[in-house]
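Inspection log for the structure reproduced underneath, given as structure tokens.
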Amino acid sequence: MKFFERRFKLKENNTTMKTEITAGLTTFMTMAYILVVNPSILARTGMDYNALLTVTCLSAALGTLFMAFFANYPFALAPGMGLNAYFAYTVVLQYGYSWRTALAAVFVEGLIFIFLSAVNVREAIFNAIPMNMKKAVSVGIGLYIAFIGLQNANIVVNNAATCVALGNVKSVPVALALIGTVITLVLVIRKVMGALLFGILITWVLGIVCQLTGLYHIDAASGAYSLIPSGIMAMPPSIMPIAGQLSFSGISIFDFIVILFAFLFVDLFDTLGVLIGVSEKAGFLDKTGKLPRIKGALFADAAATTIGACLGTSTVTTFVESASGAADGGRTGMTAFTTAMLFLVALLFSPVLTAVPAFATTPALLIVGLFMTENVTAINFKDYTEGFPAFVTILMMVVTYSISEGLVFGVISYVLLKLLSGRGKELHPVIVIVGILFLLKLLLA
Numbered sequence: 008m009k010f011f012e013r014r015f016k017l018k019e020n021n022t023t024m025k026t027e028i029t030a031g032l033t034t035f036m037t038m039a040y041i042l043v044v045n046p047s048i049l050a051r052t053g054m055d056y057n058a059l060l061t062v063t064c065l066s067a068a069l070g071t072l073f074m075a076f077f078a079n080y081p082f083a084l085a086p087g088m089g090l091n092a093y094f095a096y097t098v099v100l101q102y103g104y105s106w107r108t109a110l111a112a113v114f115v116e117g118l119i120f121i122f123l124s125a126v127n128v129r130e131a132i133f134n135a136i137p138m139n140m141k142k143a144v145s146v147g148i149g150l151y152i153a154f155i156g157l158q159n160a161n162i163v164v165n166n167a168a169t170c171v172a173l174g175n176v177k178s179v180p181v182a183l184a185l186i187g188t189v190i191t192l193v194l195v196i197r198k199v200m201g202a203l204l205f206g207i208l209i210t211w212v213l214g215i216v217c218q219l220t221g222l223y224h225i226d227a228a229s230g231a232y233s234l235i236p237s238g239i240m241a242m243p244p245s246i247m248p249i250a251g252q253l254s255f256s257g258i259s260i261f262d263f264i265v266i267l268f269a270f271l272f273v274d275l276f277d278t279l280g281v282l283i284g285v286s287e288k289a290g291f292l293d294k295t296g297k298l299p300r301i302k303g304a305l306f307a308d309a310a311a312t313t314i315g316a317c318l319g320t321s322t323v324t325t326f327v328e329s330a331s332g333a334a335d336g337g338r339t340g341m342t343a344f345t346t347a348m349l350f351l352v353a354l355l356f357s358p359v360l361t362a363v364p365a366f367a368t369t370p371a372l373l374i375v376g377l378f379m380t381e382n383v384t385a386i387n388f389k390d391y392t393e394g395f396p397a398f399v400t401i402l403m404m405v406v407t408y409s410i411s412e413g414l415v416f417g418v419i420s421y422v423l424l425k426l427l428s429g430r431g432k433e434l435h436p437v438i439v440i441v442g443i444l445f446l447l448k449l450l451l452a
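If you want our numbering, it's the position in the sequence shown, counting the first as 1, plus 7.
Here it is, written out as structure tokens:
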């Protein structure tokens with residue numbers, strides 16, 4: 008206990024071991040879905056599903072441990088959503104390259120990020136983003152998280168005519184998600200420690216009751232799986248079918264660079280966006296908008312990506328669900344350490360942990376979204392050269408389903424409005440360079 012107190016400086020950060028462990032549990036529960044989702048996506052490429060389950064646990068645990076010890080922040084890492092889809096559906100299934108080649112691209116991406124972190128390029132980009140936009144990123148991510156929660160429970164569903172529409176509120180999963188949200192909110196209002204975690208567990212238990220009484224029907228085709236664990240423990244599958252399988256053959260240098268750039272771009276700005284959003288909400292940013300110990304956080308992210316590729320998975324990145332742990336009081340690497348240990352535990356107790364339904368995490372995601380949108384009152388909307396870029400950042404994160412695309416449109420509009428309104432002196436040189444690169448990306452994509 009004394010080791011953890013000294014290593015993570017709990018008293019200095021006004022937190023306790025109990026709070027940090029609870030926050031780590033909350034973070035894990037909100038992102039445990041990746042244990043099933045990542046293998047299911049990457050297995051489409053021909054990779055071994057069972058090996059992917061083990062690698063997902065290992066890469067998440069290692070990356071999160073790096074964050075705990077390199078930066079002492081409560082951020083968790085795992086194979087990133089969006090990046091795994093690009094890996095599987097675009098690089099492999101659409102372009103026709105092997106998954107071994109895709110892993111090689113991810114490996115090189117990680118090495119480049121290690122270099123960029125060492126020479127402070129990533130840190131310079133982070134610091135160049137104006138404070139008003141950093142607050143907007145926090146709000147945008149809040150709405151983005153809430154939208155993910157709504158989709159997970161089918162409260163919001165796809166619709167051909169209007170893109171999205173209200174789901175069937177009479178269905179049991181939707182009803183349970185809504186009931187769980189009310190229960191969790193009451194726990195938050197009453198300031199119950201670990202309210203988000205308890206909300207997830209209570210919603211899950213209510214689901215199990217519904218399954219036992221016949222109200223909840225199992226239908227794997229529609230994504231309604233059994234809520235009752237199939238067992239308690241299971242030996243983790245071997246990673247040998249996919250570990251160390253990187254290959255640089257069968258692809259031209261030009262095509263490799265194109266694929267590499269796509270991985271680099273999405274990961275770079277998704278990571279920066281998450282760090283900005285969660286740090287702003289947790290109060291980690293200083294008065295100038297800088298994040299202390301950011302180099303350690305960026306190194307952790309880069310090292311996790313590199314090692315993850317060697318193990319056999321797509322880009323490992325900082326997870327937006329880290330906001331749930333921060334919202335539950337997590338302030339140090341002890342939160343991340345707890346989450347990492349739970350990913351290792353998941354190797355043995357995967358039958359239990361993978362039984363947590365998506366709708367059970369919806370209450371936590373919705374409430375975290377609420378917490379993060381509180382920053383909207385701190386955004387200066389009266390100055391349109393500041394307000395419009397902030398507004399666009401928030402809007403595009405949600406409608407494009409991408410943190411990085413929100414930053415793209417926000418930064419471009421910020422640079423253009425400052426220049427065209429005769430206020431170019433207010434622009435940081437780095438943000439101008441980033442804006443130009445963003446514009447080229449849109450024009451050449």
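Cβ atoms here follow ideal geometry from the backbone N, Cα and C, with glycine treated the same way.
Exposure label - residue i; buried when at least 16 CB within 10 Å
{"i": "S237", "result": "exposed"}
{"i": "I207", "result": "buried"}
{"i": "K25", "result": "exposed"}
{"i": "R300", "result": "exposed"}
{"i": "L292", "result": "buried"}
{"i": "C170", "result": "exposed"}
{"i": "K288", "result": "buried"}
{"i": "L354", "result": "buried"}
{"i": "E381", "result": "exposed"}
{"i": "Y40", "result": "buried"}
{"i": "D390", "result": "exposed"}
{"i": "A311", "result": "buried"}
{"i": "K141", "result": "buried"}
{"i": "I225", "result": "exposed"}
{"i": "G156", "result": "buried"}
{"i": "F82", "result": "buried"}
{"i": "S66", "result": "buried"}
{"i": "A202", "result": "buried"}
{"i": "S245", "result": "exposed"}
{"i": "E19", "result": "exposed"}
{"i": "N21", "result": "exposed"}
{"i": "S233", "result": "exposed"}
{"i": "V181", "result": "buried"}
{"i": "T191", "result": "buried"}
{"i": "N159", "result": "buried"}
{"i": "P436", "result": "exposed"}
{"i": "D261", "result": "Note on identity: in this sequence residue 261 is Phe, with Asp being the wrong assignment. The residue is exposed, with fewer than 16 neighbouring Cβ atoms inside 10 Å."}
Opposing strand residues paired with residue i [DSSP bridges]
{"i": "C170", "result": "N166"}
{"i": "L372", "result": "Looking at the DSSP assignment, L372 forms no beta bridge with any residue, so it has no partner."}
{"i": "V323", "result": "P86"}
Residue i beta carbon near the ligand GTP (any heavy atom closer than 6 Å)
{"i": "T169", "result": "Looking at this structure, you won't find the ligand GTP or any other ligand, since it has none at all."}
8 Å CB neighbourhood of residue i in its chain, flanking five on each side removed
{"i": "L213", "result": "L183, I186, G187"}
{"i": "L59", "result": "N45, P46, L49, A50, I249, G319, T320"}
{"i": "K425", "result": "T392, G431, E433, L434"}
{"i": "F378", "result": "G149, K288, A330, A334"}
6 Å Cβ shell around residue i - same chain, five flanking residues per side excluded
{"i": "T368", "result": "T37, I207"}
{"i": "L349", "result": "F35"}
{"i": "W211", "result": "V363, A367"}
{"i": "N134", "result": "K297"}
{"i": "G315", "result": "S66, V323"}
7 Å Cβ shell around residue i - same chain, five flanking residues per side excluded
{"i": "I490", "result": "Nothing can be reported for residue 490, as the shown portion of the chain is limited to 8 through 452."}
{"i": "A143", "result": "I386, A397, T400, I401, G417"}
{"i": "V126", "result": "none"}
{"i": "V422", "result": "L434, I438, V439, G442"}
{"i": "T53", "result": "Before going further, note that residue 53 is Gly rather than Thr in the sequence given. W106, listed in sequence order."}
{"i": "A269", "result": "Y93"}
{"i": "G221", "result": "none"}
{"i": "V195", "result": "A202, I374"}
> Three or more C-beta pairs closer than 8 Å, one from the region 367-376 and one from the region 273-286: is that the case here?
Replying inline: no
> Is the region 409-425 in contact with the region 156-165, if contact means three or more CB pairs nearer than 8 Å?
Replying inline: no
> Would you say the region 88-100 touches the region 234-254, given that touching needs at least three Cβ pairs under 8 Å?
Replying inline: no
> Hey, is the region 424-431 in contact with the region 398-409, meaning 3+ C-beta pairs nearer than 8 Å?
Replying inline: no
> Going along the chain, which unbroken runs of the beta strand (DSSP E) with 3 or more residues stay wholly within the region 401-425?
Replying inline: none
> At what residue ranges does the region 67-143 contain a whole run of the alpha helix (DSSP H), taking only runs of 4 or more?
Replying inline: 106-125, 128-135
> Are the region 102-109 and the region 250-257 touching, with three or more C-beta to C-beta distances below 8 Å?
Replying inline: yes
> Does the region 299-314 touch the region 142-161, meaning 3 or more C-beta pairs lie closer than 8 Å?
Replying inline: no
> What residue ranges within the region 167-242 form continuous beta strand (DSSP E) runs of no fewer than 3 residues, ordered along the chain?
Replying inline: 170-173
> Any chance the region 329-348 sits against the region 68-78, with 3 or more Cβ pairs inside 8 Å?
Replying inline: yes
> Can at least three beta-carbon pairs, one atom from the region 14-34 and one from the region 193-208, be found at a separation below 8 Å?
Replying inline: yes
> Residue ranges of each alpha helix (DSSP H) run of no fewer than 4 residues wholly in the region 298-371, ordered along the chain?
Replying inline: 301-318, 329-334, 340-360
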